[in-house]
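Participant: My questions all concern the structure below.
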Amino acid sequence: MVYLERKKISGKIYYYLVISTKIKGKTKRVWQKYLGPEDKFKEKAERLMIKFDDDYEFKTKSFGMEYALFKIAQKLNFEQIIDDNVSKRDQGLTVGQYMLIASLNRCINPTSKRSLKSWLDGSILKGVIPSIDTYLNANAYLNHFQYLTLEIIDKIQMQINLTLINEFDVKMKHLFYDPTNFYTYINPKQANQTLARHGKSKEGRFVLNLIGLSVLCTQDGGLPILHQTYPGNEQDAAHFKKQHIRIINHIHKYGLTPSEITLVFDKGNISENSIQKLNNEKMKFVCSVRPSTLKDLNLLLTKDDFKLQTLPNDKKVGIKEYRREFHGFDTRLFVIYDPPRQKYNSANKLKKIQNRLIAIEEWFTGRLNYKKWTSMVEVEKKIRSLIGKTFLDCINYQIEGIDGDLNYNVWINEAELKIIMDRMGKSFYMSNDNDTKAIDLIWLYRQQYTVERIFNYVKLGNIVPFRPMRHYIDSSIRGHMFNVVLGLLMMMMLHREIVKQFPSVGIDEMITILDRKSVV
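Residue numbers (the working numbering): 51 to 570.
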């Protein structure tokens with residue numbers, strides 16, 4: 051029970067806030083707080099009990115995420131780093147300040163460039179970012195994005211990464227690379243627009259023009275340390291031929307040697323050129339391999355050929371190791387058997403087979419022995435077509451009777467299906483690292499989700515969204531993507547700092563907690 055207690059001491063009245071409760075049937079005081087003498091307490095109470103009416107207006111501003119990210123940006127010093135690499139005269143906001151505002155906006159409340167000023171005016175950041183006496187709109191960004199050429203962005207990223215290594219002790223031992231693309235509504239109209247191009251959309255939007263983005267990130271904190279915006283129709287392996295050289299050059303400039311680094315990438319980036327260059331630089335790598343290039347092992351090995359081993363996350367996999375030559379180099383080849391994957395693939399295979407059987411029955415209901423389907427040849431041809439080449443081994447059929455009086459039967463070849471299912475659940479990897487244990491290399495490749503997660507943060511729009519993106523010319527698109535990656539770097543750095551004290555806090559939980567912090 052909470053109540054206000056009035057006490058008279060030496061002729062003066064004092065007030066206390068008291069909490070009491072019943073203990074073994076008796077009321078006992080368990081807490082009290084001194085509120086002050088009667089005259090001062092009444093004065094405070096009158097102020098607290100003002101009746102709020104239309105004359106009072108309250109505005110709430112969030113400050114948790116805004117201030118935390120701003121402090122990370124200050125520690126990274128990327129505003130100064132950008133300005134050191136951009137030759138702009140001293141007029142209005144610097145390029146670094148423009149990029150800082152836009153990157154923070156990407157993380158906190160993504161808006162169009164036209165709405166940036168109104169967002170900033172209503173944010174707690176207005177008190178910590180220098181006063182804006184000049185334009186902060188789409189035209190201003192259109193002008194300032196032109197300073198951010200490919201060469202300038204490369205220099206900026208290199209200096210930021212040196213800060214990460216020297217000031218934050220970010221480890222570069224394991225790096226993950228992956229490219230993706232983003233659909234846009236851009237219809238290029240000028241010959242000098244090269245980024246928005248029609249290609250194979252990884253988001254399934256095949257009729258729209260695409261913009262490509264490749265990212266290199268660290269295992270330590272999942273930090274995006276290197277990126278490039280490129281034409282959406284550029285094939286992954288062709289792009290990697292240029293990017294792996296860029297990665298190696300950066301590693302040398304960081305004062306590291308390629309032999310100390312392990313680069314992880316997927317099978318879509320493999321080419322003879324890139325494999326040879328990595329081997330010549332003695333850079334270690336782990337990558338996946340297309341099963342179609344290893345048909346002998348894919349058909350030969352079944353789940354019974356593997357002995358299960360335990361990964362650090364307690365999941366069990368089977369590993370068999372071979373030596374194979376790829377693009378003129380002798381490498382380690384790993385065949386991995388994953389029981390959950392085999393179970394999923396088997397169930398999916400059976401479901402597809404059953405759908406074929408249903409399709410055959412539905413097709414011939416009301417059609418068999420009518421018009422062209424009186425012919426045994428036509429019926430057999432249609433059955434084989436509905437089964438499909440992929441499933442002919444595990445679906446049997448039989449047609450009986452004479453033309454005009456036909457019967458058919460289709461059924462699953464259980465023995466053949468079991469053989470096929472026993473071969474499922476395998477994946478293939480290769481590496482030029484001859485010293486690390488096989489299970490450690492497989493576990494490292496499974497951390498590829500680190501870079502894939504970054505793409506989810508950008509595409510799904512729940513962390514640092516790429517959209518809205520209302521730019522059309524190449525320099526603005528490149529600058530916009532630069533803002534997104536800087537925002538990602540700040541967000542991932544903030545999370546890296548927090549998990550040092552609170553290891554179990556995920557990035558979504560971090561955002562939820564910081565978003566709750568507000569001031570009236």
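Where a beta carbon is used, it is the ideal one built from N, C-alpha and C, also for glycine.
Buried or exposed: which applies to I206, given that a residue is buried once 16 or more other Cβ atoms fall within 10 Å of its Cβ?
Facilitator: Residue numbering aside, residue 206 sits at position 156 when the sequence shown is read from its first letter. Buried.
Participant: Just verifying my parser: in three-state terms, what is the DSSP assignment at K303?
Facilitator: Residue 303 sits at position 253 when you count from the first residue of the sequence shown. It is helical.
Participant: Please identify the residue among I298, G305, Y304 and E322 whose C-alpha is closest to the C-alpha of K332.
Facilitator: Residue numbering aside, residue 332 sits at position 282 when the sequence shown is read from its first letter. Here the closest residue by C-alpha is I298.
Participant: Strictly by DSSP, which residues pair up with L456?
Facilitator: Within the sequence shown, numbered from 1, the residue matching residue 456 stands at position 406. G451.
Participant: Determine the extent of the beta strand (DSSP E) in which F232 is found, giving its start and end residues.
Facilitator: The residue you call residue 232 lines up with position 182 of the sequence shown. H224 to Y233 is the span of the beta strand (DSSP E), which, as asked, contains F232.
Participant: Quick one: complete alpha helix (DSSP H) runs, 4+ long, within the region 337-393?
Facilitator: Runs found: 345-350.
Participant: What's the gap between the Cα of D219 and the Cα of N348?
Facilitator: The sequence position of residue 219 within the sequence shown is 169, counting from 1. The sequence position of residue 348 within the sequence shown is 298, counting from 1. Their backbone Cα atoms lie some 43 Å apart in a straight line.
Participant: What does the alpha-carbon distance come out to for the pair I210 and P518?
Facilitator: Position 160 of the sequence shown holds residue 210. Position 468 of the sequence shown holds residue 518. The straight-line gap from Cα to Cα measures roughly 26 Å.
Participant: Closest to I295 by CA distance: which of S173, P274 and S324 is it?
Facilitator: Translated into positions along the sequence shown, residue 295 becomes position 245. Here the closest residue by C-alpha is S324.
Participant: Whole angstroms is fine: what's the gap from R156's alpha carbon to G537's?
Facilitator: Working through the sequence shown from its first residue, we reach residue 156 at position 106. Working through the sequence shown from its first residue, we reach residue 537 at position 487. Going from the Cα of R156 to the Cα of G537 covers about 6 Å.
Participant: Determine the DSSP secondary structure at Y522, reduced to helix, strand or coil.
Facilitator: As a working mapping, residue 522 is identified with position 472 in the sequence shown. Y522 falls in the coil class under three-state DSSP.
Participant: Per DSSP, what are the beta-bridge partners of S481 in this structure?
Facilitator: To locate residue 481, count along the sequence shown from 1; it is residue 431. Looking at the DSSP assignment, S481 forms a beta bridge with V336 and R382.
Participant: DSSP beta-bridge partners for S70?
Facilitator: Taking the first residue of the sequence shown as position 1, residue 70 is located at position 20. Looking at the DSSP assignment, S70 forms a beta bridge with R79.
Participant: How many angstroms separate the CA atom of E450 from the CA atom of I489?
Facilitator: By 1-based counting over the sequence shown, the position of residue 450 is 400. By 1-based counting over the sequence shown, the position of residue 489 is 439. Their Cα atoms are separated by approximately 54 Å.
Participant: Taking C-alpha atoms, which residue in E547, D286, R528 and H521 lies nearest to T161?
Facilitator: Stepping through the sequence shown from its first residue, residue 161 is reached at position 111. T161 has its Cα closest to that of H521, out of E547, D286, R528 and H521.
Participant: Under the assumption that I73 contacts V52 (Cβ atoms under 8 Å), give the Cβ distance between them as a whole number of angstroms.
Facilitator: As a first step, residue 73 is located in the sequence shown; it is residue number 23 there, counting from the start. As a first step, residue 52 is located in the sequence shown; it is residue number 2 there, counting from the start. Not really, about 16 Å apart at Cβ, beyond 8 Å.
Participant: Around the Cβ of G556, are there at least 16 other Cβ atoms within 10 angstroms (buried) or fewer (exposed)?
Facilitator: Along the sequence shown, one-based indexing puts residue 556 at 506. Label assigned to G556: exposed.
Participant: Figure out for me which residue from L306, H302, L263 and K76 has the closest Cα to the Cα of H289.
Facilitator: The residue labelled residue 289 in the question sits at position 239 within the sequence shown. Comparing Cα positions, the closest option is L263.
Participant: With a Cβ-Cβ cutoff of 8 Å, do G282 and R247 count as a contact?
Facilitator: In the sequence shown, counting from the first residue as 1, residue 282 sits at position 232. In the sequence shown, counting from the first residue as 1, residue 247 sits at position 197. In this structure, R247 lies closer than 8 Å to G282 by Cβ.
Participant: Return the bridge partner residues of W461 from the DSSP annotation.
Facilitator: As a working note, residue 461 is residue 411 in the sequence shown. Note: W461 sits in a beta bridge opposite N446.
Participant: Kindly indicate which three-state DSSP category Y65 falls into: helix, strand or coil?
Facilitator: Here residue 65 corresponds to residue number 15 of the sequence shown, with the count starting at 1. Residue state, collapsed to three classes: strand.
Participant: Quick one: Cα of G438 to Cα of P362, how far?
Facilitator: Here residue 438 refers to the residue found at position 388 when the sequence shown is read from its first residue. Here residue 362 refers to the residue found at position 312 when the sequence shown is read from its first residue. Approximately 41 Å between the Cα atoms of the pair.
Participant: Taking 8 Å as the limit between beta carbons, can you name the residues of its chain near D483, skipping five residues before and five after?
Facilitator: Within the sequence shown, residue 483 is the residue found at index 433, counting from 1. The answer, listed in chain order, is T312, K334, F335, V336, R382 and L491.
Participant: For a minimum of 3 consecutive residues, which ranges assigned as the beta strand (DSSP E) are wholly contained in the region 239-280?
Facilitator: With a minimum length of 3 residues, the continuous beta strand (DSSP E) runs that stay inside the region 239-280 are 259-268.
Participant: Buried or exposed: Y420, going by 16 or more other Cβ atoms within 10 Å of its Cβ?
Facilitator: Taking the first residue of the sequence shown as position 1, residue 420 is located at position 370. Y420 is exposed by the Cβ-count criterion.
Participant: Can you have a look at E412 and say buried or exposed, based on whether 16 or more other CB atoms are within 10 angstroms of its CB?
Facilitator: Translated into positions along the sequence shown, residue 412 becomes position 362. Its Cβ having fewer than 16 others within 10 Å, E412 is exposed.
Participant: Between E502, Y394, N533 and D453, which has its C-alpha nearest R473's C-alpha?
Facilitator: Taking the sequence shown and counting its residues from 1, one reaches residue 473 at position 423. Comparing Cα positions, the closest option is Y394.
Participant: Do you know how far the Cα of K550 is from the Cα of K92?
Facilitator: The residue labelled residue 92 in the question sits at position 42 within the sequence shown. The residue labelled residue 550 in the question sits at position 500 within the sequence shown. If you take the alpha carbons of K92 and K550, they lie about 48 Å apart.
Participant: Between the alpha carbons of D134 and E201, how many angstroms are there, rounded?
Facilitator: Here residue 134 is taken as the residue at index 84 of the sequence shown, counted from 1. Here residue 201 is taken as the residue at index 151 of the sequence shown, counted from 1. Distance between the alpha carbons of D134 and E201: 14 Å.
Participant: Using 8 Å as the threshold, is the C-beta distance between H194 and Y148 below it?
Facilitator: By one-based count along the sequence shown, residue 194 stands at place 144. By one-based count along the sequence shown, residue 148 stands at place 98. Yes, these two residues count as a Cβ contact at 8 Å.
Participant: Look at the Cβ atom of M480, then the Cβ atom of V367, and state whether they are nearer than 8 Å.
Facilitator: By one-based count along the sequence shown, residue 480 stands at place 430. By one-based count along the sequence shown, residue 367 stands at place 317. Against a cut-off of 8 Å, the Cβ pair of V367 and M480 comes out as no contact.
Participant: Helix, strand or coil: how does DSSP classify L564 here?
Facilitator: For the purposes of this step, residue 564 is identified with residue 514 of the sequence shown, where counting begins at 1. Helix at L564.
Participant: Is G114 closer than 8 Å to M543 when the C-beta atoms are compared?
Facilitator: By 1-based counting over the sequence shown, the position of residue 543 is 493. By 1-based counting over the sequence shown, the position of residue 114 is 64. Contact: no.
Participant: Hey, how far is the Cα of I215 from the Cα of K303?
Facilitator: Along the sequence shown, one-based indexing puts residue 215 at 165. Along the sequence shown, one-based indexing puts residue 303 at 253. If you take the alpha carbons of I215 and K303, they lie about 12 Å apart.
Participant: By alpha-carbon positions, which one of D453, D316 and L510 ends up nearest to Q498?
Facilitator: Numbered from its first residue, the sequence shown carries residue 498 at position 448. Among D453, D316 and L510, the Cα nearest to that of Q498 belongs to D316.
Participant: My guess is that E116 and I203 are in contact by the Cβ rule of under 8 Å, so how many angstroms apart are they, rounded?
Facilitator: Here residue 116 is taken as the residue at index 66 of the sequence shown, counted from 1. Here residue 203 is taken as the residue at index 153 of the sequence shown, counted from 1. Not confirmed; about 25 Å, so no contact.
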